[in-house]
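One gets the numbering used here by counting positions in the sequence shown from 1 and adding 38 to each.
Note that the Cβ used here is the ideal one computed from N, Cα and C, for glycine as well.
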Amino acid sequence: MRAGSLAGTLVLALAACLGAPAQAAEDLLQVWRLALAKDPLYAAARASYRASIEQLPQARADLLPAVNAEVGGAYEETRATRNISTRRRDGTRGTWDLILTQPLYDWSRWQRYEQAKLGVADAELQLQQAYQDLLLRVSDAYFNVLAAQDTLTATEGEKAAVGAQLEAAKRNFELGNSTITDTYEAQARYDLVVAQELLQQNALDVLRDQLAQIIGQPSGALAELPGSVPLPPPQPARQNDWSTQAEAASLTVARAQLQTQIAQRDIQVARSGHYPTLSLRASSGNAIGANRDVAGSRAVDSSVGLVLSVPIYSGGGVSSQVTEKVQLEQKARNDYEAARRQAVQLARQYYTGVVAGLARIAALEAGEKSSRAAVQANQTGYEIGVRINLDVLNAQQQLYATQRDLAQARYRTLLDGLRLKATGGILSEADLEAVNRLLRLPN
39 MRAGSLAGTL VLALAACLGA PAQAAEDLLQ VWRLALAKDP LYAAARASYR ASIEQLPQAR
99 ADLLPAVNAE VGGAYEETRA TRNISTRRRD GTRGTWDLIL TQPLYDWSRW QRYEQAKLGV
159 ADAELQLQQA YQDLLLRVSD AYFNVLAAQD TLTATEGEKA AVGAQLEAAK RNFELGNSTI
219 TDTYEAQARY DLVVAQELLQ QNALDVLRDQ LAQIIGQPSG ALAELPGSVP LPPPQPARQN
279 DWSTQAEAAS LTVARAQLQT QIAQRDIQVA RSGHYPTLSL RASSGNAIGA NRDVAGSRAV
339 DSSVGLVLSV PIYSGGGVSS QVTEKVQLEQ KARNDYEAAR RQAVQLARQY YTGVVAGLAR
399 IAALEAGEKS SRAAVQANQT GYEIGVRINL DVLNAQQQLY ATQRDLAQAR YRTLLDGLRL
459 KATGGILSEA DLEAVNRLLR LPN
């Protein structure tokens, strides 16, 4: 290869490397919009919705006229005996018919049509549930990553602090100011923190993969929740208001109520097996073949009439179906009651989670300040000889454990607030926008 060509190739490669932008930081709304476009579970829910709404035109079609064209062919043989002579005619015969049928009274078809309307409403609620579920899954995956990052950061800080304490113990031992026990204690604590760091790094990688599974690509650096930002309390600030909201507007409760109504229609459909049906039937046809009344002619036969069908006996099958549907309707009623009670319980649980979480955050913030002071005091006491190495290590461990707990409490409280709104059936993109305003892009 020529030197000029080699140099040109290296320049192009270097330009490509320098020109490739680093993966930009992303906030919660950007991650949400990626998920909205690329999440396979939500895409499947949309496809399911589009399929489910077709049950209404299908049920409507059963109430509209049906037109069929029928073409057939047959071989016919006719024998007539008179006195002792026999006359015989045979030959092939072709037929065509155009038949129109219009149901005039069919209770089962009307009930299925009304049931299809309920089915479409249920499909719409299912899609809303999938939308809210995506909101929660994105938020959960996003804040799980942030929580894992904060946990890892606290552990890295602890490792640096324990490492500094280990070096101090070694120096003091070399100077004869402490025993080898201090060094062993610090070394053991350092090794444990390193092991914990490796475990947390792996957990962070797994959580990032879970977020990537939702948005269809690896995420960049995520906007973070500063520790100084206060978290909003639930509004309204009364537990009973949220319980009432969940009982009345929870999507799970609304779907359970619709399932009860659909089951009631099923009973009517089953009972229609005892009812007569009435249809209008019109037909027009022609027979072509060897047996024609007039040579060379093509007669067209047309008829219009009503067809009444009255069920008489079906072996008890209809009665059995009615009994089955009645029991399924009772099941649907009980499922509705269970969904209603669960919605109330979840509203109370998440409301309490937010309120208790805010209180716990305040307590942990105070604990963090106290722990910092304790670390400083023990460090000073160790340096002047009134504290031992283990006291410093324990104070450091308490500080960083408090920091990890504080980060977890903040994210859990935010998520409980979103789950509270989902239980009440009011979670929307606007709620993610409100949370996103609390975040700050990393420097």
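- Task: Classify Arg227 as buried or exposed, calling it buried when 16 or more other Cβ atoms lie within 10 Å of its own Cβ.
- Result: Buried, because 16 or more other Cβ atoms sit within 10 Å of the Cβ of Arg227.
- Taking C-alpha atoms, which residue in Gln273, Tyr151, Gln167 and Arg98 lies nearest to Arg84? Considering only Gln273, Tyr151, Gln167 and Arg98, the residue with the shortest C-alpha distance to Arg84 is Gln167.
- Have a look at Ala206, Tyr80 and Leu431 and flag the residue whose alpha-carbon is nearest the alpha-carbon of Ile253. Measuring from the Cα of Ile253, the nearest candidate turns out to be Tyr80.
- Query: Apart from the five residues on each side of it in sequence, which residues of its chain come closer than 7 Å, Cβ to Cβ, to Leu477?
  - Reply: Once the five neighbours on either side are set aside, the close Cβ partners of Leu477 are Asp65, Leu66, Ala261, Glu262 and Leu263.
- Query: Under the DSSP definition of a beta bridge, which residues are partnered with Asn106?
  - Reply: DSSP output for Asn106 lists Ile137 as bridge partner(s).
- Message: Once DSSP output is grouped into helix, strand and coil, what is the label at Phe211?
- Response: Phe211 carries a helical assignment under DSSP once its states are collapsed to helix, strand and coil.
- Message: Can you find the residues in the same chain that come closer than 8 Å, C-beta to C-beta, to Glu235, ignoring five residues on each side of it along the sequence?
- Response: Taken in chain order, the residues that qualify are Leu190, Thr193, Glu194 and Lys197.
- Query: From Ala433 to Ala377, what distance separates their C-alpha atoms?
  - Reply: Ala377 has its alpha-carbon roughly 48 Å from the corresponding atom of Ala433.
- Counting pairs of Cβ atoms below 8 Å between the region 449-456 and the region 385-398, do you hit three or more? Yes: the two stretches touch, three or more of their Cβ pairs being nearer than 8 Å.
- Query: Can you find at least 3 beta carbon pairs, one from the region 459-468 and one from the region 283-296, that sit closer than 8 Å?
  - Reply: Enough Cβ pairs lie closer than 8 Å, so yes.
- Query: Is Ala161 buried or exposed, if buried means 16 or more other CB atoms sit within 10 Å of its CB?
  - Reply: Buried is the call here.
- Taking Ala404 as the reference, give the member of Ser352, Val382, Tyr313 and Gly265 with the closest Cα. Nearest to Ala404 by C-alpha distance, out of Ser352, Val382, Tyr313 and Gly265, is Gly265.
- Item | Distance CB(Asp144)-CB(Thr361) smaller than 8 Å | With respect to Thr361, Asp144 sits apart: the two C-beta atoms are not nearer than 8 Å.
- Closest by C-alpha distance to Gly455, when choosing among Glu406, Gln277, Leu242 and Asn427: Of the candidates Glu406, Gln277, Leu242 and Asn427, the residue whose Cα lies closest to the Cα of Gly455 is Gln277.
- Chain-order list of residues whose beta-carbon lies under 6 Å from that of Val430 (same chain, five-residue window excluded): Excluding positions up to five away in sequence, the list reads Gln203, Asn416, Gln417 and Tyr420.
- Indicate the three-state DSSP secondary structure (helix, strand or coil) for Gly462 in the structure shown. For Gly462, the secondary structure class from DSSP, reduced to helix, strand or coil, is coil.
- Message: On the criterion of 16 or more Cβ atoms from any shown chain inside 10 Å, does Tyr351 qualify as buried, or is it exposed?
- Response: With fewer than 16 Cβ atoms within 10 Å of its Cβ, Tyr351 is classed as exposed.
- Query: For Val231, which of Tyr438, Ser177, Leu142 and Pro95 has the nearest alpha-carbon?
  - Reply: Closest option to Val231, Cα to Cα, is Tyr438.
- Message: Please report the straight-line C-alpha distance between Ala60 and Asp373, rounded to a whole angstrom.
- Response: Note that Ala60 scores 42 on pLDDT, short of 50, meaning its location in the model is unreliable and no value can be drawn from it.
- Are Gln446 and Glu406 touching if we call contact CB-CB under 8 Å? Not closer than 8 Å, so no.
- Task: Report whether the distance from the Cβ of Ala370 to the nearest heavy atom of the ligand MN is below 7 Å.
- Result: Absence of the ligand MN from the depicted structure is noted, as is the absence of any ligand whatsoever, leaving it without description.
- Message: According to DSSP, is Asn481 part of a helix, a strand, or is it coil?
- Response: Correct three-state label for Asn481: coil.
- Unbroken stretches of the alpha helix (DSSP H), 4 residues or longer, contained in the region 236-323: Counting whole runs of 4 or more residues, the region 236-323 contains the alpha helix (DSSP H) stretches 277-287 and 289-309.
- Query: What do you get for Val332, buried or exposed, if any count of 16 or more other CB atoms within 10 angstroms of its CB means buried?
  - Reply: Bear in mind that the predicted position of Val332 carries a pLDDT of just 46, short of 50, making it unreliable; the figure below should be weighed with that in mind. Val332 should be labelled exposed.
- Tyr87 versus Pro95: straight-line alpha-carbon distance, rounded: Each residue's alpha carbon lies about 14 Å from the other.
- Query: Which of the three DSSP states, helix, strand or coil, is assigned to Leu204?
  - Reply: Leu204: helix per DSSP, three-state reduction.
- With a cut-off of 8 Å on the beta carbons, I'd call Ala472 and Gln436 a contact; round off their distance for me. Rounded, the Cβ-Cβ distance is 34 Å, inconsistent with contact.
- Item | Buried versus exposed call for Leu344 [16 or more other C-beta atoms within 10 Å across all chains shown] | Classified as exposed, Leu344 has fewer than 16 neighbouring CB atoms from the shown chains inside 10 Å of its CB.
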